[in-house]
Amino acid sequence: MSELTYPEVGATRRGPLPAGYHHLRHTAPMPPGSFLVAAEAVLSWRLHRAAGVRMRTDAPRAAPGVRVTPGLGLGPLRVWGPCEVVWVAEGDREAGFGYGTLPGHPERGEEAFLVRCDAEGRVNFEVTAFSRPDRWFMTAAGPAGRAVQHGYARWLAHTLRRLSHQPTS
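Its first residue numbered 2, the sequence shown is counted upward by one per residue in our numbering.
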């Protein structure tokens, strides 16, 4: 039996996003020709780490079943959110993953990070999520908590644009 804390597993991949949750959809353009570098940054956790997120994970890349615990914040104010990767896309025109919340996460739901390249070569980064509070402090945060999630999506896009201009080592 799955430990995931919500029943709508995979909805960030197949849609539609389920009712009863807050929805987030953020799309941002990336530099032309950046698909491969951006895809690798997303799939290898490099994006999240470069954005200042602590990542505890049991694998060097996203893959179904991989456990990952992102930590947001500073020092003792860092909030850890255990997740499990529930889907991965790794193709010529799209790459990314979605992970779902596990017990101990401050919210319930799923979040996805996907890089797409269209037929004209335009590259976009997409963050899609559905979530609702699962801890008292997230409920108390109300709209401010959702604003942080939207700001986080914008920060990831900014970070990925920066990484996409740098060569990988």
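Glycine included, every Cβ here is placed at the ideal spot set by N, Cα and C.
Please work out which residues of its chain come closer than 6 Å, Cβ to Cβ, to residue i, disregarding the five sequence neighbours upstream and downstream, and give them in chain order.
i    : result
V43  : G97, F114, V116
C118 : F36, R94, V124
Might you give, ordered along the chain, the residues of its own chain that have their beta carbon closer than 7 Å to the beta carbon of residue i, omitting 5 neighbours on each side?
i    : result
R136 : P107
A60  : V67
S45  : P61, R62
Which stretch, first to last residue, makes up the beta strand (DSSP E) that contains residue i?
i    : result
E121 : Premise fails: E121 is in no beta strand (DSSP E) and is neither H nor E.
A29  : 23-30
E91  : 84-91
T6   : First-last for T6: undefined, no H or E at that position.
Whole-angstrom Cβ separation of residue i and residue j, contact assumed at under 8 Å?
i    : j    : result
R109 : R133 : 6 Å
R62  : G72  : With a Cβ gap of about 19 Å, R62 and G72 do not count as contacting.
Is the closest heavy atom of the ligand NAD to the C-beta of residue i under 8 Å?
i   : result
V69 : This structure does not include the ligand NAD; it has no bound ligands of any sort.
Residues in its own chain within less than 8 Å of residue i by CB, not counting five upstream and five downstream?
i    : result
M2   : Because M2 carries a pLDDT of 42, less than 50, the predicted location of this residue cannot be relied on, and the following value inherits that uncertainty. Excluding residues within five positions, none has a Cβ falling inside 8 Å.
L157 : L48, H49, A52, F114, F126, V128
R123 : P30, P33
T70  : M56, R57, T58, W81, G82, P83, C84
R155 : H27, A29
Beta-carbon separation of residue i and residue j under 9 Å?
i    : j    : result
E112 : T13  : yes
V38  : S165 : yes
Check for me: the alpha helix (DSSP H) holding residue i runs from which residue to which?
i   : result
V43 : 36-44
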